[in-house]
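Protein chains in written order, with the working numbering: chain A, 1 to 406; chain B, 1001 to 1290.
Heads up, the beta-carbon is just placed ideally off N, CA and C, and yes, glycines get one too.
Note that the structure is a prediction, hence the values are computed from the model and not measured.
See structure below.
Printed below as a string of structure tokens:
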């Protein structure tokens, strides 16, 4: 499992496509070990192209940063010798079947000792099942916990993210906490991906019913859908004050534009998942103002290195920071801590060390439950003039809720 | 949904269909004139959206005003592609150019990834988020603008093909390239110009789509699919039939969305595509004029 660096054959990874360049860049960034230094190979298959590429770019930065920081500090102490970590990143092109084949390649051919996860249940779970089959430990962010737990009882895969029930109930809890009045009518649009089905198809209807909010229409659509005029028309004619959306970024952008183009202005617009990345606000300009999205991290949170991490990302990339840099960094650090604690690159000791994780990272405390999940608490963020501000709960807020939607 | 909402929805579908027809026109021209299945059509369309996006962000030029420039730029960009890649394959049958364009599609998608990143973008204009009120009816203004522009451009292409020497030579090259060549028509040159014309139309359609929706380097595939549905529905080489087919597809997709939910729009289009292929493979409106 430990490997001495060997000259790599040209084009061995991702030959013939830009991912080869991306991989080459990531290898360079991750600090290739100098000759004769033993190294620990870690694999990651993440969406660097396709509809989830916006998430993948943050993940790549988070993982690379964790590796670079570790290598700069000397690496991992294993069997009395320092080892550099080398991260091999492959592009899964936002396609679960590619995630599976990438994971298979990383484990079988590259002989990685552990894996870091992709993003969204469809991609993460696809790779996680391969890692589980090979009994290779994987730590993943970006996979909502109910979707993660529903796949199977995991033995080698560990997930650090939020609970969908927390996310789904957050807008309703915010309405109650802040005493916001609406007409108690909601329109729900959600994609038919695993998390979209859970949040939009199950949780929102259940929580709405408990809060005496009538759902005037609940529409599921394929993940890559771009036209929503029918359901928007239904929401407008029913005068729903609340619009709840769970969709990836391209669909979320299209929905926001079509809401405005239809002359439909709900009082509260929640767009889970798709409204998270900065490019959502960049693509929409002022139209993004007032859009709410669930979140789990902000640089203002009182965790070690939180503020510095965001500044570092922004100075290195000249982009606004995203919460995804924090959970990916945390996932990688949790894995590295476990390898160091195990003092071995064998799967079983690493896995046992992961089970014992109990430490505060940049995203907050990480401690896995019996189902291999560590939950991050949910906040609600709102886009205001190109920045995502935490507006709920009050004890975490760094901005004031813009209500009604401009 | 009430009757007014249904009417809004169906009219929106008709208007959007016009935009889709312009986007599909290039595919129809390539198939009709050159018998070329242009599998890079979606990437050319997305390229047009990027041209509109960067013209706006760099020069401040409104993409609607810049449409002719975008069409021209794309035509100039793809013209050498035909001369260098497709023309030498002229005698190799239809498979070689089709597979070449499949390769070009992958290369273009990856080139756009490297140049523009994989980020989802949208051309941010105020009219993209403004409703157009016509009495009690309300439709997206961008759909109405896009439809009007598409109809004008499709009529212009129709006139170019039916009323000019270039158009005559283009039709002659489509009907019988050897006979056209025997009569002094530069078939290879006509094919190159037809390819460029189709790409220009696709780029302009792509810009309209980029204003109305969002796009990324990987967005082209879905528009290639709807383009094929429109071309099959309308029949090869019939310019007005492409418009009618686009409108029909938009209308039926909207009807499908209203009846079964927005998630079934694409399904309706694909079912229609398969139905026409099975029942009338030459297209519903084939053989009814240019």
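If you draw a straight line from the C-alpha of residue i to the C-alpha of residue j, how long is it?
i: residue 94 of chain A; j: residue 1232 of chain B; result: 30 Å
i: residue 306 of chain A; j: residue 49 of chain A; result: 28 Å
i: residue 1023 of chain B; j: residue 106 of chain A; result: 41 Å
i: residue 1167 of chain B; j: residue 1057 of chain B; result: 36 Å
i: residue 1283 of chain B; j: residue 1180 of chain B; result: 25 Å
i: residue 83 of chain A; j: residue 392 of chain A; result: 43 Å
i: residue 1119 of chain B; j: residue 80 of chain A; result: 44 Å
i: residue 294 of chain A; j: residue 378 of chain A; result: 7 Å
i: residue 164 of chain A; j: residue 1082 of chain B; result: 51 Å
i: residue 1160 of chain B; j: residue 1279 of chain B; result: 32 Å
i: residue 1275 of chain B; j: residue 68 of chain A; result: 56 Å
i: residue 1112 of chain B; j: residue 1048 of chain B; result: 11 Å
i: residue 227 of chain A; j: residue 254 of chain A; result: 7 Å
i: residue 1117 of chain B; j: residue 1218 of chain B; result: 11 Å
i: residue 1221 of chain B; j: residue 267 of chain A; result: 35 Å
i: residue 96 of chain A; j: residue 248 of chain A; result: 15 Å
i: residue 157 of chain A; j: residue 349 of chain A; result: 14 Å
i: residue 1097 of chain B; j: residue 1172 of chain B; result: 21 Å
i: residue 317 of chain A; j: residue 1224 of chain B; result: 34 Å
i: residue 91 of chain A; j: residue 390 of chain A; result: 31 Å
i: residue 1015 of chain B; j: residue 1189 of chain B; result: 35 Å
i: residue 1077 of chain B; j: residue 1200 of chain B; result: 9 Å
i: residue 351 of chain A; j: residue 312 of chain A; result: 31 Å
i: residue 195 of chain A; j: residue 43 of chain A; result: 25 Å
i: residue 260 of chain A; j: residue 334 of chain A; result: 43 Å
i: residue 369 of chain A; j: residue 1250 of chain B; result: 50 Å
i: residue 230 of chain A; j: residue 215 of chain A; result: 16 Å
i: residue 1176 of chain B; j: residue 1093 of chain B; result: 15 Å
i: residue 246 of chain A; j: residue 58 of chain A; result: 20 Å
i: residue 397 of chain A; j: residue 380 of chain A; result: 9 Å
Could you list which residues in chain B have their beta carbon closer than 7 Å to that of residue i, in chain order?
i: residue 249 of chain A; result: 1120
i: residue 253 of chain A; result: 1120, 1122 and 1214
i: residue 285 of chain A; result: 1124
Verify whether the separation of the beta carbon atoms of residue i and residue j is less than 8 Å.
i: residue 290 of chain A; j: residue 406 of chain A; result: yes
i: residue 1053 of chain B; j: residue 1142 of chain B; result: no
i: residue 62 of chain A; j: residue 329 of chain A; result: yes
i: residue 1055 of chain B; j: residue 1064 of chain B; result: no
i: residue 1128 of chain B; j: residue 1211 of chain B; result: yes
i: residue 52 of chain A; j: residue 119 of chain A; result: yes
i: residue 45 of chain A; j: residue 179 of chain A; result: no
i: residue 376 of chain A; j: residue 148 of chain A; result: no
i: residue 1140 of chain B; j: residue 1012 of chain B; result: yes
i: residue 1269 of chain B; j: residue 1226 of chain B; result: yes
i: residue 160 of chain A; j: residue 374 of chain A; result: yes
i: residue 1043 of chain B; j: residue 1086 of chain B; result: no
i: residue 304 of chain A; j: residue 362 of chain A; result: yes
Ordered along the chain, which non-local residues of its own chain (more than five positions away) have a Cβ less than 6 Å from that of residue i?
i: residue 1039 of chain B; result: 1101, 1102 and 1105
i: residue 341 of chain A; result: 353
i: residue 154 of chain A; result: 372
i: residue 1273 of chain B; result: 1229 and 1232
i: residue 1198 of chain B; result: 1026, 1029 and 1030
i: residue 27 of chain A; result: Here the model assigns residue 27 of chain A a pLDDT of 44, short of 50, so the residue's position is not dependable and the matter cannot be decided.
i: residue 29 of chain A; result: Caution is warranted here: a pLDDT of 44 is assigned to residue 29 of chain A, below 50, making its placement in the model unreliable, and the coordinate value is therefore given only provisionally. Closer than 6 Å at Cβ, skipping near neighbours: 64.
i: residue 286 of chain A; result: none
i: residue 1245 of chain B; result: 1230, 1233 and 1234
i: residue 1157 of chain B; result: 1239
Could you name the residues of chain B that residue i contacts, counting a contact when the two beta carbons are closer than 8 Å?
i: residue 224 of chain A; result: 1222
i: residue 258 of chain A; result: 1140
i: residue 192 of chain A; result: 1263
i: residue 268 of chain A; result: The contacting residues do not exist; residue 268 of chain A stays about 18 Å from chain B at best.
i: residue 48 of chain A; result: 1118
i: residue 54 of chain A; result: 1118, 1119 and 1120
What does residue i touch in chain B if you count any residue whose Cβ is under 9 Å from its own?
i: residue 262 of chain A; result: 1008, 1012, 1131, 1138, 1139 and 1140
i: residue 51 of chain A; result: 1118, 1120, 1216, 1218 and 1219
Who are the near neighbours of residue i in its chain, counting only those whose CB is closer than 7 Å to its CB and skipping five residues on each side?
i: residue 1277 of chain B; result: 1232
i: residue 9 of chain A; result: The pLDDT assigned to residue 9 of chain A is 36, lower than 50, so where the model puts this residue is not dependable; a value taken from the coordinates is nonetheless given after this. For residue 9 of chain A, where only same-chain residues beyond five positions count, there are no Cβ hits under 7 Å.
i: residue 384 of chain A; result: 289, 399 and 402
So which residues of chain A does residue i contact, with C-beta pairs closer than 9 Å?
i: residue 1254 of chain B; result: 227, 229 and 230
Would you mind telling me which residues of chain A sit closer than 8 Å to residue i, beta carbon to beta carbon, in chain order?
i: residue 1266 of chain B; result: 222 and 225
i: residue 1086 of chain B; result: Under the 8 Å cutoff, chain A gives no residues; its nearest Cβ is about 22 Å from residue 1086 of chain B.
Please list the partners that residue i has in chain A, where partner means a Cβ-to-Cβ separation under 7 Å.
i: residue 1229 of chain B; result: Chain A residues near residue 1229 of chain B: none, gap ~14 Å exceeds 7 Å.
Should the stretch 1019-1035 of chain B be regarded as contacting the stretch 1190-1202 of chain B, the criterion being three or more beta carbon pairs within less than 8 Å? yes
Segment contact, 8 Å Cβ cut-off, at least three pairs: the stretch 268-281 of chain A with the stretch 132-142 of chain A: no
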